[in-house]
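Protein chains in written order, with our numbering: chain F, 192 to 446; chain E, 9 to 242; chain Z, -2 to 618. Working notes, structure below.
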Amino acid sequence: MSALLEVENLAKSYGGVHAVRGVSFALEPGEVVALIGPNGAGKSTCFNMLNGQIRPSAGKVRLDGHDMTGLGPPEVSRLGVGRTFQITATFATMTVRENVQVSLLAQAGRAFSPWRRLAAFAVDRATDLLELVGMAEAAARPAGELAYGDLKRLELAIALATSPRLLLMDEPTAGMAPGERIILMRLMAKLAKEKGIGVLFTEHDMDAVFEHATRVMVLDRGQLIATGTPALIREDATVKAVYLGEGLLYGEPGP
Amino acid sequence: MKLSTRGLNAWYGPAHILFNVDVALASGEVVALLGRNGAGKSTLFRSVMGLLARTSGEVQLDDRPIQALEPYEIARRGIGYVPEDRRVFTELTVEENLIVGQRPPRPDAPRWTPEQLYTIFPNLREMRRRPSGRMSGGEQQMLTIARTLMGNPALVLLDEPSEGLAPRIVEQMASAILLMKTQGLGILVSEQNLHFARLIADRAYIIEKGHIRFAGTMAELTADPALKDAYLAL
Amino acid sequence: MSLLLAQFLAGLASAASLFLVASGLSLIFGVTRVVNFAHGAFYMLGAYLAYSLTTHLTGPLGFWLGILAAALLSGIIGGVLEILLLRRIYHAPELFQLLATFGVTLATQDLVILIWGPDDLVGPRAPGLTGALPILGQFLPTYDIFLIVIGPLVLCLLWLLLHRTRFGILLRAATQDREMVGALGVNQKWLFTSVFALGVFLAALGGALQLPRTAVTHGMDLSVIVEVFVVVVIGGLGSVPGAFLAAVLVAELNAFGILIYPAISLVLVFLVMAIVLVVRPYGLLGRREGAARAPLGALLRPWRPLHWVGSLGVAVVLALATLLPFGLGRYGLGVATEILIAILFAGSLQFLMSVGGRASFGHAAYFGLGAYGAALAVKWLGAPMELALLAGPALAILGAALFGWFCVRLSGVYFAMLTLAFAQIVWSIAFQWVTVTGGDNGMLGIWPPRWAARAPTFYWMTLLLTAAVVLGLRHLTFSPFGYALRAAWDSELRAEAQGLRPKRLQWLAFTIAGAVAGLAGALFAFFKGSVFPDAIGIGQSIDGLVMVLLGGVGTVSGAVIGAIAYKAGSIWLLSQTDYSRLVLGLLIVFLVVLFPKGIAGSLQAAWLTIRTRRPKTGPGA
């Protein structure tokens, strides 16, 4: 039995500069794994290689045992990988519901269909997804007018539209209010638990990382320098030195 | 030198972002502008710099209105601006970035030379000839601050200097800001992180959804945990 | 061997002027983000001014002084143009700036004829450089050797300027982030004016230096601008060394292509450009521009299907249009038919622009291919109109599919320039392949069969086709395909992450737009009874753009209204004046300055200002 996601010796270099070097890890269904590290450590490059935006220089990426190294984003998406971006990527000229409907097209093989109107396509499924993230009431609103927190939730609904088995989330809670953050992180945990979706996320908000991740991986200068439970990582001397600092900038462990 | 806004409103396209904002900043003090992403911090800085198409209300520098001026004129009157997400000229070397920021010295503001700036930010000295695009996020953040100081400003608007930086680099940033203050600069620094603000600021404003919700000293702010829970991120 | 060397050196000499013009275009674009279409006009102006100055200033010093003064004078004119025109439209979408500078180009063409007359002019030769030097048995003009030196010399000077002076460092900084440069205390206005003047100076110098080599003509602006677009697309827009490299490459391809077969040089250049674009989409030394969505018009509201009132309105308009032949005379009906064809053409461009998100500056290529496809089917295959109306769009589909495959890899101004370059290639094929297309003389006698020959019948046929196709395009906009296409434009990142394939969607949209333009072209051929290369000309492409922008991007009705207003207006205008290009050019400039967001966008913005000025009773205030 192989893991949901297997990454083996993944590397990327740009003209001699190594952005990512020999990164290997595995992720089981239902796991919520945080990838943290200083800016420029290679987190974004890693993410972009996993969803096919960047071609790795070396290494293998396998999903359920299928090699998906070097495939482009559309192909990776079809294999069952969903993604949210650091800066939300949604369709600004469409309504909230249309955003989800259009996101369902490719999987249904209807992207080139000239027949019927999109308005009549997959209405129920779109409504279900919007209910899941708590956006059903805003279905008819233009996405371009949404507040940032709502955009983040819409983006999650869009990412879930393709029924992914692996969800990549780049700074999922950045810019959200504390209350919204908790709701979103709980939703993420619930999806992982109930549907067995594997979640890999990056985050600068250490409180979110330490509270919700089942496992934390620390990346520095393109290499994984530590992996373990949140409690272990918090006390790790190397991690403190390269990333967490003196602890002035995140809260004390909760009671 | 003293900068103040009175009843400042600002719009992005159809969206009304700032509502009757009053803030002030004087030479020699560090003031924190606290609030979440999207609260209006960057918009406030951009409207003061004259970078927004639509604003109303007043922005005054030593009691003279400046809101009708072009951004370059505002900069020339002694207001330095360090934008969020760094915006160094990535094609230019560190030295060339500093040249772009260069302005003649002012009598009412500390005077900076590249040498002094290299002393404060030693990393920059090593990379003088390197294109700034090939530096890390923290180094770029230091360069934007150094570039702004090259204009010998009296007041500096510092937009989220800690954003996206490793905690260790943020701690370095804090000591640089305190050093700038001892030279007599007035600094308005926007921040989401209360812990960071506590290290550097004398006074603070809390901004939420475009409204100023709190104005007072850091001591007053920390004494009221309800404020923190209601408006701030951590 | 020696012949090849001579040809190589001649190529290098031609590269000099090309490089001067292209580097000026690149510098201006880098800092101001304006693709200065009028660059060709300034090249021409430089040549004409140099002609006048050098014929008046005699002696060796006089000649060189004249060349320099012509370039300087043009640079000053350029600076004045920047202050008077461009400063007003920097905040408009980039397309509008291209359009405005095109207007300047049109006006300049007539102005040059007004001042210097329509005939070609031959200037004096360069004093001291009239001879030729023997090189491996071949004679190379000394003036060519001078030009070979000039190119690298100017490249070095520009490099020194950009890297060793504060002005140059500011220019490079502004190329990257204009706003930031301003916020650091640099007066951008003068930076922009000076870089524009510098760029124009280089273009005019390029033109003036051609004086001893070729005759000065009033068509040299368009021929050079197309070549320069090709050069900057290959070299990378905004890169001066890239411009040099590409100028040499293009000039050498031309020089050696001519040895093989004159017409093949065009194909060679095209092939090289295609290869470069596939391997490096932003040119040899260019960099990807920010992936920001090109704001064609302020789309504040998503598209919405028509309300029933709207549907009723469409039905009423269609009914009225059907009854038109009973109320109009022969001339009026002709104008109405021409407007219908314009609606079809504008509608196809509109689909590409506001659903596909790409503004073509060479859409006439497919209009022209449609027209020639129909005409060729009639002339060479003896096809009846019914068949020819299929053959036209078929040829347009072939062309659109071929060119579109390259074009959809680019966006923004790169896309605009590449589509224009392709259209010019089609134009020169139609113009040069005299045995098949009749060249300049066109193809005559393309008449409809007897059943459709009467004006009302032809009108009704055109109306039926136009209405059906425009409604079809509208339906497509709201179909899954239309949405997928818009999704790819809204956020390519997101679209790909959902499994959509943006390039393929856009390629299909490009081909569909080409097919509809082709149908318009085929109808036009039968309407006029003839086809001329004009149908593929830049003018035709710009007509389409003006119609769409005038009516408003983002609504299907915009193209229809824009086509009616513009076509009717220009038909009337052209009947009133001999200097149509001057009037039309000034009109375009005027419209762009008056409505920098397009008529629809400007109205929307005005409405917003009025609305927000009123005191609001919303929350929070």
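Even for Gly, the Cβ is constructed at its ideal location relative to N, Cα and C.
So which residues of chain Z does residue i contact, with C-beta pairs closer than 7 angstroms?
i      : result
N242/F : A494
P305/F : L473, S476, F478
G159/E : L181, G182
E104/E : I166
L193/E : None at all; the shortest Cβ gap to chain Z is about 16 angstroms.
L309/F : F475, S476, P477, Y480
Does DSSP classify residue i as helix, strand or coil?
i      : result
Y205/F : strand
N438/Z : helix
F392/F : strand
K217/E : coil
T63/E  : strand
P131/Z : strand
N17/E  : strand
N200/F : strand
E99/E  : coil
P139/E : strand
T429/F : helix
P233/E : helix
S35/E  : coil
T286/F : strand
P220/F : coil
T225/E : strand
H257/F : strand
I74/E  : coil
H53/Z  : helix
What does residue i reach in chain Z if we use C-beta pairs closer than 9 angstroms?
i      : result
R344/F : The premise fails here: R344/F is roughly 15 angstroms from chain Z at the closest Cβ pair, so nothing lies under 9 angstroms.
Q298/F : Q495, G496
For residue i, does the count of other Cβ atoms within 10 angstroms reach 16, so buried, or fall short, so exposed?
i      : result
E489/Z : buried
E123/E : exposed
W120/E : buried
T681/Z : This structure cannot speak to residue 681/Z, because chain Z is shown only from -2 to 618.
A10/Z  : buried
K381/F : exposed
R137/E : exposed
F136/Z : exposed
I278/F : exposed
N105/E : buried
N200/F : exposed
A465/Z : exposed
K564/Z : buried
S351/Z : buried
T364/F : buried
L320/Z : exposed
G100/Z : buried
Taking C-beta pairs closer than 9 angstroms, name the residues in chain F that residue i reaches, listed in chain order.
i     : result
A18/E : Within 9 angstroms Cβ-Cβ: nothing; A18/E doesn't reach chain F, min ~17 angstroms.
Residues of chain E with CB under 7 angstroms from residue i, in chain order?
i      : result
E176/Z : L59
Could you work out which residues of chain Z lie near residue i, taking near to mean beta carbons separated by less than 8 angstroms?
i      : result
A212/E : Those do not exist, as A212/E stays about 22 angstroms from chain Z at its closest Cβ, beyond 8 angstroms.
R2/E   : As shown, chain E starts at 9 and ends at 242. That puts residue 2/E outside it, with no answer to give.
What does residue i touch in chain E if you count any residue whose Cβ is under 9 angstroms from its own?
i      : result
R578/Z : The contacting residues do not exist; R578/Z stays about 35 angstroms from chain E at best.
R163/Z : I107, V108, Q110
For a contact meaning CB atoms closer than 7 angstroms, what does residue i contact in chain F?
i      : result
R284/Z : Chain F residues near R284/Z: none, gap ~14 angstroms exceeds 7 angstroms.
A209/E : Under the 7 angstroms cutoff, chain F gives no residues; its nearest Cβ is about 14 angstroms from A209/E.
Quiz prompt | Segment contact flag, the segment 529 to 547 of chain Z with the segment 370 to 389 of chain Z, C-beta cutoff 8 angstroms, min 3 pairs | solution = no
**Report entry** Interface positions of the segment 107 to 138 of chain E facing chain Z (Cβ-Cβ less than 7 angstroms), listed along the chain
**Finding:** I107, V108, G109, R111
> Counting Cβ pairs closer than 8 angstroms, one from the segment 306 to 316 of chain Z and one from the segment 430 to 446 of chain Z, do we hit at least three?
Replying inline: no
Compile a chain-ordered list of the residues in the segment 184 to 209 of chain Z whose CB is closer than 7 angstroms to at least one CB of chain E. N184, Q185
In the segment 436 to 468 of chain Z, which residues sit with their C-beta less than 9 angstroms from some C-beta in chain E, listed in chain order? none
### Query
Can we say the segment 439 to 450 of chain Z touches the segment 492 to 502 of chain Z, given the rule of at least three CB pairs closer than 8 angstroms?
Taking 8 angstroms as the limit for Cβ pairs, the verdict is that the segment 492 to 502 of chain Z does not touch the segment 439 to 450 of chain Z.
* Asked: Listed in chain order, which residues of the segment 240 to 263 of chain Z have Cβ atoms closer than 9 angstroms to some Cβ of chain F?
  -> Flagged: no residues at all.
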